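Residue numbers (our numbering), protein chains in the order written: chain A, 1 to 450; chain B, 1 to 79.
Take a look at the structure:
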């Protein structure tokens, strides 16, 4: 608790026991009353004219009752309960006029404390130098200390990562230093909803999963740089080794991918463009969307959050991916408009066409992405939209098809019948030659009207 | 036992710098281009040269050449 003075006291309920008393002596002057008339706009003659006050039977200018209340306010805000108090109610009776110049003795005393409500009831009196009560009554004030601000969840997670994997913390620290408060709040909010608001075992699993995800991507990239092709080449082998392996998907791949959407700069820029620029552009047309290959569910979630009128269905061959995605969507309160399915929707043309299909970094996981984008076209109605992205010269354990340029992806899309409306190209390691530069290309595309 | 000189050969090859001199306390900040991808390049080259393998925890926690050397020595002497 601070001492009274120019700085307000910071009291807790424990500092406000019944009987606690504070006092103030006010040397009232005519100038102050005139100043208060100007501030309040109350220029009633008894407050501004000596003659008018005398004519009405007062010895001189009469101080406003509200000015006395204001003096009590200085006691309330500065001393009792002090800086963390919020005034709830005032009940004052003005018993005798205050006619400056004179001295007035103000006192506030705690009468009752309600710990459950955090409320304090204070008895108030203002007396003149003859001991005559000028005003008396009660104030009620809520004592509401500010919540103790813990370190943002992002920074707590970063601390765990840095203690275990300092070599993988650099990109996090760069994000911490360069991103604004809104980004920190958004990331912390998302992480706490999915992995919990306080440090727990899932935080450590997520950090371990992220580190494994990075190691795998980097090892695969080193192999690619050395050999000029991705290590994996067979879709069925990748499916068995990755997508149907519970530990791999739940402990490494999905948490790692989820965090990479926030932390990896090129992933972050893709997501920002999708949310800030593309979704608003297509919003009026979208009532139903499919995400095909949901991964960790980030793009389904962002679409649900941005388009509150739409509903969506997430498709993935991996039950672990659809389970993770559903949990992410549910954690953000969006599950009532979303369902998941493990059907192969692209091979079996859906009865109900969507207005919008999302296919985010799936094509490079396939042996024949050119055929797949044809299937994607059949999942949306004529005039419907697609958001299709692909990794280019960017290896991972489960990447099979090597796109060497954004133009190769665009060629597949246009050959399948898509019209390209918007293109975003984001690169990692920009200092590398183009053919070794991990890149993501995102396309907003449209199925032509029949 | 694997020596600092043997490790230095790997560093010189990976960073394509024949004159590179490493010390036990040399870290990523001391060598231009030692980013996350070069780190794995280095790891893979060390794994191949000394027939060892590193876990993600080990890869993620090396902070200097001395850490790498001690671990390589431990792994090769245990083999």
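Just so you know, even glycine gets a beta-carbon here, dropped at the ideal spot from N, CA and C.
Note that the coordinates shown come from a computational prediction; the quantities given were computed from them, not determined experimentally.
Indicate whether residue 44 of chain B and residue 219 of chain A have their beta-carbon atoms separated by less than 8 angstroms. Here residue 44 of chain B refers to the residue found at position 44 of the second chain. Here residue 219 of chain A refers to the residue found at position 219 of the first chain. Going by beta carbons, residue 44 of chain B and residue 219 of chain A fall inside the 8 angstroms limit.
Cutoff 6 angstroms; reference residue 216 of chain A; Cβ partners in own chain excluding five residues on either side: Against the first chain, residue 216 of chain A aligns to sequence position 216. Here residue 216 of chain A has 397 as same chain residues with Cβ atoms under 6 angstroms from its own Cβ, once five neighbours each way along the sequence are excluded.
Nearest-angstrom Cα separation, counted from residue 123 of chain A out to residue 103 of chain A: Here residue 103 of chain A refers to the residue found at position 103 when the first chain is read from its first residue. Here residue 123 of chain A refers to the residue found at position 123 when the first chain is read from its first residue. Spanning the alpha carbons of residue 103 of chain A and residue 123 of chain A requires a straight line of approximately 20 angstroms.
Are there three or more Cβ pairs, one per stretch, closer than 8 angstroms when the stretch 18–33 of chain A is compared with the stretch 93–111 of chain A? Yes, the stretch 18–33 of chain A is in contact with the stretch 93–111 of chain A.
Is the stretch 63–78 of chain A touching the stretch 28–40 of chain A, taking contact as three or more C-beta pairs under 8 angstroms? Three or more beta-carbon pairs separated by less than 8 angstroms link the stretch 63–78 of chain A to the stretch 28–40 of chain A, which places the two stretches in contact.
Just to confirm the assignment: which complete beta strand (DSSP E) runs, minimum length 3, are found wholly within the stretch 89–116 of chain A? For the stretch 89–116 of chain A, whole beta strand (DSSP E) runs of length 3 or above, ordered along the chain, are 102–114.
Run through the DSSP bridge pairs and tell me what residue 315 of chain A is partnered with. What you label residue 315 of chain A is simply residue 315 of the first chain in a count that begins at 1. Residue 315 of chain A pairs with A:292, A:341.
Kindly identify the DSSP beta-bridge partner or partners of residue 403 of chain A. For the purposes of this step, residue 403 of chain A is taken as the residue at position 403 of the first chain. According to DSSP, residue 403 of chain A shares a beta bridge with A:392.
Let me see if you follow: with CB-CB separation under 8 angstroms, is residue 66 of chain B close to chain A or not? Numbered from 1 along the second chain, position 66 holds the residue referred to as residue 66 of chain B. Answer no: the Cβ-Cβ gap between residue 66 of chain B and chain A never drops below 8 angstroms.
Using CA coordinates, which residue listed in A:402, A:304, A:447, A:276 is at the minimum distance from residue 289 of chain A? Translated into the one-based positions of the first chain, residue 289 of chain A becomes position 289. Nearest C-alpha to residue 289 of chain A: A:304.
Measuring CB to CB, does residue 257 of chain A end up less than 8 angstroms from residue 299 of chain A? As a working note, residue 257 of chain A is residue 257 in the first chain. As a working note, residue 299 of chain A is residue 299 in the first chain. In this structure, residue 299 of chain A does not lie closer than 8 angstroms to residue 257 of chain A by Cβ.
Which whole-angstrom value describes the C-beta separation of residue 363 of chain A and residue 395 of chain A, a residue pair presumed to lie in contact below a C-beta threshold of 8 angstroms? Your numbering for residue 363 of chain A matches position 363 in the first chain. Your numbering for residue 395 of chain A matches position 395 in the first chain. Wrong, their Cβ atoms sit about 14 angstroms apart, outside the cutoff.
From the beta carbon of residue 451 of chain A, is the nearest beta carbon of chain B less than 8 angstroms away? Past the boundaries of the shown model lies residue 451 of chain A; chain A is included only from 1 to 450, so the question cannot be answered.
Please determine if the stretch 45–60 of chain B and the stretch 234–248 of chain A are in contact, where contact requires at least 3 C-beta pairs separated by less than 8 angstroms. They do not touch, by the three-pair rule.
Going by DSSP, name the residue or residues bridged to residue 126 of chain A. As a working mapping, residue 126 of chain A is identified with position 126 in the first chain. Looking at the DSSP output, residue 126 of chain A sits in a beta bridge with A:106, A:135.
Does the separation of the CB atoms of residue 94 of chain A and residue 135 of chain A fall below 8 angstroms? Taking the first residue of the first chain as 1, we reach residue 94 of chain A at position 94. Taking the first residue of the first chain as 1, we reach residue 135 of chain A at position 135. In contact: residue 94 of chain A and residue 135 of chain A (Cβ atoms closer than 8 angstroms).
With a 10 Å radius around its C-beta and 16 neighbouring C-beta atoms as the bar for buried, classify residue 1 of chain A as buried or exposed. Stepping through the first chain from its first residue, residue 1 of chain A is reached at position 1. Its pLDDT being 38, under 50, residue 1 of chain A is placed unreliably by the model, and nothing is read from it.
Using C-beta distances below 6 angstroms, list every residue in its chain close to residue 89 of chain A, excluding the 5 sequence neighbours before and after it, in chain order. Taking the first residue of the first chain as 1, we reach residue 89 of chain A at position 89. These residues qualify, in order along the chain: 140.
Apply the 10 Å Cβ neighbour rule to residue 119 of chain A and answer buried if 16 or more other Cβ atoms are within range, or exposed otherwise. As a working mapping, residue 119 of chain A is identified with position 119 in the first chain. Result: buried.
Secondary structure at residue 26 of chain A, three-state DSSP: helix, strand or coil? Looking up residue 26 of chain A in the first chain gives position 26. In the displayed model, residue 26 of chain A falls within a strand according to three-state DSSP.
According to DSSP, simplified to helix, strand and coil, what is residue 444 of chain A? As a working mapping, residue 444 of chain A is identified with position 444 in the first chain. Looking at residue 444 of chain A - three-state DSSP - the assignment turns out to be strand.
With the cut-off set at 8 angstroms, would you say residue 449 of chain A and residue 383 of chain A are in Cβ contact? Counted from its first residue, the first chain places residue 449 of chain A at position 449. Counted from its first residue, the first chain places residue 383 of chain A at position 383. Yes.
Using a C-beta to C-beta distance shorter than 9 angstroms, which residues of chain B count as neighbours of residue 170 of chain A? Stepping through the first chain from its first residue, residue 170 of chain A is reached at position 170. Within 9 angstroms Cβ-Cβ: 28, 35, 36.
Tell me, please, whether the CB atom of residue 215 of chain A is closer than 8 angstroms to any CB atom in chain B? For the purposes of this step, residue 215 of chain A is identified with residue 215 of the first chain, where counting begins at 1. True, the Cβ-Cβ gap to chain B drops below 8 angstroms.
In this structure, does DSSP put residue 427 of chain A in helix, strand or coil? The sequence position of residue 427 of chain A within the first chain is 427, counting from 1. Here DSSP, grouped into helix, strand and coil, assigns residue 427 of chain A to strand.
What does residue 61 of chain B touch in chain A if you count any residue whose Cβ is under 8 angstroms from its own? Here the question's residue 61 of chain B lines up with position 61 in the second chain. Neighbours of residue 61 of chain B on chain A, chain order: 164, 165, 166, 167.
With C-beta atoms as the reference, is residue 451 of chain A less than 8 angstroms away from residue 242 of chain A? In the structure as shown, chain A starts at 1 and stops at 450, and residue 451 of chain A therefore has no counterpart that could be examined.
Rounded to whole angstroms, what's the CA-CA distance from residue 43 of chain A to residue 58 of chain A? Just pull it up for me. The sequence position of residue 43 of chain A within the first chain is 43, counting from 1. The sequence position of residue 58 of chain A within the first chain is 58, counting from 1. Each residue's alpha carbon lies about 16 angstroms from the other.
Taking only beta-carbon positions, decide if residue 434 of chain A is within less than 8 angstroms of chain B. Numbered from 1 along the first chain, position 434 holds the residue referred to as residue 434 of chain A. When Cβ-Cβ separations below 8 angstroms define contact, residue 434 of chain A makes no contact with chain B.
Please list, in chain order, all residues of the same chain as residue 464 of chain A whose beta carbon is under 7 angstroms from its beta carbon, the five residues on each side excluded. Residue coverage of chain A in this structure runs from 1 to 450, which leaves residue 464 of chain A outside it and unanswerable.
Determine the chain A residues that contact residue 57 of chain B at a beta-carbon separation under 9 angstroms, and present them in chain order. Position 57 of the second chain, counted from the first residue, corresponds to residue 57 of chain B. Per Cβ cutoff of 9 angstroms: 164, 165, 208, 211.
If I'm right that residue 321 of chain A touches residue 270 of chain A with Cβ under 8 angstroms, what's the distance once you round it to whole angstroms? Translated into the one-based positions of the first chain, residue 321 of chain A becomes position 321. Translated into the one-based positions of the first chain, residue 270 of chain A becomes position 270. Distance from residue 321 of chain A to residue 270 of chain A at the Cβ level is roughly 19 angstroms; contact not present, criterion being Cβ atoms closer than 8 angstroms.
8 angstroms CB neighbourhood of residue 100 of chain A in its chain, flanking five on each side removed: Position 100 of the first chain, counted from the first residue, corresponds to residue 100 of chain A. Excluding five sequence positions before and after residue 100 of chain A, the CB atoms of its chain that fall closer than 8 angstroms to its own CB belong to 28, 29, 30, 32, 33, 60, 61, 63, given in chain order.
Which bits of chain B does residue 218 of chain A rub up against, with CB to CB less than 8 angstroms? Taking the first residue of the first chain as 1, we reach residue 218 of chain A at position 218. Neighbours of residue 218 of chain A on chain B, chain order: 36, 37, 39, 40.
Taking the beta carbon of residue 212 of chain A as the centre, do at least 16 other beta carbons fall within 10 Å, making it buried, or is it exposed? In the first chain, residue 212 of chain A corresponds to position 212, counting from 1. Under this definition residue 212 of chain A is a buried residue.
Spell out a yes or no on whether the stretch 349–359 of chain A and the stretch 317–332 of chain A are touching, meaning 3 or more CB-CB pairs, one atom from each, closer than 8 angstroms. These segments do not touch.
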